[in-house]
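Protein chains in written order, with the numbering used here: chain A, 10 to 232; chain B, 1140 to 1254.
The C-beta atom is built at its ideal place from N, Cα and C for all residues, glycine as well.
On a predicted model such as this, the values are computed, not experimentally measured, just so you know.
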Amino acid sequence: MTAPHPSLTILEEFLLLALDDSAGQFYPLARSTFDCASAGAVLMDLTLQKRIDNDLKHVFVIDATPTGNPVLDPVLQMMAIGPVLAPKPITHWLHHLADEGEGLRERALRQLEAQGILRREDKKILWVFGARRYPVLDQKEQREAKLRVLGVILRDDIPAIHDIMLVALAHACGLFCHILSDHELANAATRIEQVAQMDLIGQAVAKAITEIEAAIAMASGFR
Amino acid sequence: MPSAVAESWIPSEPDVMDIEGRLDSGTAPIVEEDVLLCIQSGARRMVLDCGSLFYISGAGLRTILTLARAMQKAGGSFAVCGLQPHIQEMFAGCGFEAFITVYRSRSDALAALAR
Chain A
10 MTAPHPSLTI LEEFLLLALD DSAGQFYPLA RSTFDCASAG AVLMDLTLQK RIDNDLKHVF
70 VIDATPTGNP VLDPVLQMMA IGPVLAPKPI THWLHHLADE GEGLRERALR QLEAQGILRR
130 EDKKILWVFG ARRYPVLDQK EQREAKLRVL GVILRDDIPA IHDIMLVALA HACGLFCHIL
190 SDHELANAAT RIEQVAQMDL IGQAVAKAIT EIEAAIAMAS GFR
Chain B
1140 MPSAVAESWI PSEPDVMDIE GRLDSGTAPI VEEDVLLCIQ SGARRMVLDC GSLFYISGAG
1200 LRTILTLARA MQKAGGSFAV CGLQPHIQEM FAGCGFEAFI TVYRSRSDAL AALAR
C-alpha cells in the first residue's frame, strides 16, 4: 500500500536537490546551514532504516546492526557507543554531526558518483583557486526527486514520509527559493510550512538552523 | 506489552483498533502491518482508539501517518480518538490534525464514521 521507496537516501536526494544542475555547483547555502541539514538528513536516514527512533526529547539507538551504507554506518556506530541509559537530545546529534557535515556530504557524493549519477570535476581558476563542480550525468534521479517534492507541495494529500523529510530539509535551509519561482513559492508557502513541520527531526533541523543564523547575525552586529 | 486488536469486522461498521501502551519502533511495525492488512482486506472506515496509549515516538507518528495515507489512497476514512493531552499536543505540533481527523471519544468517532 505504501509508495515505492526511492532508491537513494535522504542525504543523497537532498544533495541532488541542492545541486544547481546548470552550474554543476550547489546553490549558495551558508556552510553552517548546509552542515546542519546534512546532519539532519543522516538522522532521518537512520530512522527510515529503523536503526534509531526519537521522541520530542531524545534519540535512541534501537538497532546497531550496520546498514551497509558507508555514510550511515560510521554515524550509527558512533551513536551506539554512547551509554544506552543516557540517550541524547536530537539537537546534540545535529550539532555533533554538523561538525562533520562536509565529510558526510563528501561520502554521499562519492556514493552518487559510484552510481553514475554525477561526476566530480576539479578545475583551477587563474591557475590558483580550486573550483569543484558536480555535473549530473544521469538526470533521472535528480528530476525524479524534484518532481516528487514539487508534487508534494502542489497537492494537498498526505505525503509519503521520505518526501516529508526532503521538504523539511529543503525548507529549513531555504532551498525552495532556488527551486521555485517567486510566484510558485508564494502560492506554495502555506503547504510547505505544513509539510515541513510533520517530521520531528525536520523540526529540530529548522530550529537549529534558525538559532545558528540568529547567533551569526548577533555576532556580526557586535563587530 | 502494547497491543493492537481489531475489535469489529462487521463490514457496515467502522473497524476499530485499540492501541495501548507505547507506539514506538518496537510496536509500530506490528500496528502498521495489522492495519494495512485490514485496508488490503477491504476495510474503508478505520478508527484507532488511542485512549490507552501513553507514549508515542517518531516511529509511531510516522506509522499513523503512513496508515492515514494508505487509507486516503484507498478512498476510505481514517480517524483517531481518545488521544491523551500530551499525545494530542504532539499531533498538533506536527500538524497532523490537518490530515487526520481526531475525535475526543470512540463513540464520537464511530458516530461520525458511520454516517
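Extent of the continuous beta strand (DSSP E) to which Thr1202(B) belongs:
Per DSSP, Thr1202(B) belongs to no beta strand (DSSP E); it is in the alpha helix (DSSP H), 1197-1213.
So with CB distances below 8 Å, who are the chain A contacts of Ser1216(B)?
The contacting residues do not exist; Ser1216(B) stays about 13 Å from chain A at best.
Could you check where the beta strand (DSSP E) with Ala1218(B) kicks off and where it finishes?
1216-1220
If you run the structure through DSSP and keep just helix, strand and coil, what is Leu17(A)?
coil
Starting from the N-terminal side, write out each stretch of the beta strand (DSSP E) that is 3 residues or longer and does not extend beyond the segment 103-161 of chain A.
130-134, 138-142
Flag this pair as yes or no: are the beta carbons of Gln1223(B) and Leu1192(B) separated by less than 8 Å?
yes
Are the CB atoms of Ala217(A) and Val176(A) nearer to each other than 8 Å?
no
Can you tell me where the alpha helix (DSSP H) holding Asp49(A) begins and where it ends?
Just to set this straight, residue 49(A) is Gly in the shown sequence, not Asp. 40-57 is the extent of the alpha helix (DSSP H) around Gly49(A).
Counting pairs of beta carbons, one from the segment 53-65 of chain A and one from the segment 80-93 of chain A, are three or more of them closer than 8 Å?
yes
Which one or two residues does DSSP pair with Val1191(B) in a beta bridge?
Note that residue 1191(B) corresponds to Ser in the displayed sequence, not to Val. Answer is Glu1159(B), bridged to Ser1191(B).
Spatially closest choice to Ala1182(B) from Ala1250(B), Glu1152(B), Ile1239(B), Gly1234(B), by CA coordinates:
Glu1152(B)
Rounded to the nearest angstrom, what separates Phe185(A) and Ala1231(B) at their Cα positions?
25 Å
Which residues DSSP lists as bridging Met1185(B), in chain order:
Asp1154(B), Phe1217(B)
Please classify Ala224(A): is it buried, with 16 or more other beta-carbons within 10 angstroms of its beta-carbon, or exposed?
exposed
Tell me the rounded alpha-carbon separation between His187(A) and Asp147(A).
21 Å
How about Leu20(A) and Ser41(A): are their beta carbons less than 8 Å apart?
no
Assuming Asn196(A) is part of the alpha helix (DSSP H), what are its boundary residues?
191-205
Can you tell me which of Met207(A), Ala228(A), Ser229(A), Gly211(A) puts its alpha carbon nearest to the alpha carbon of Thr1205(B)?
Met207(A)
Of all Cβ atoms in chain A, is any one closer than 8 Å to the Cβ of Met1229(B)?
yes
For Phe69(A), three-class secondary structure by DSSP:
strand
DSSP state of Val1241(B) mapped onto helix, strand, coil:
strand
Per DSSP, which residues does Phe185(A) bridge with? Please list them.
Beta-bridge pairing links Phe185(A) to no other residue.
Note down the Cα distance separating Val1241(B) from Asp166(A), rounded to an integer number of angstroms.
17 Å
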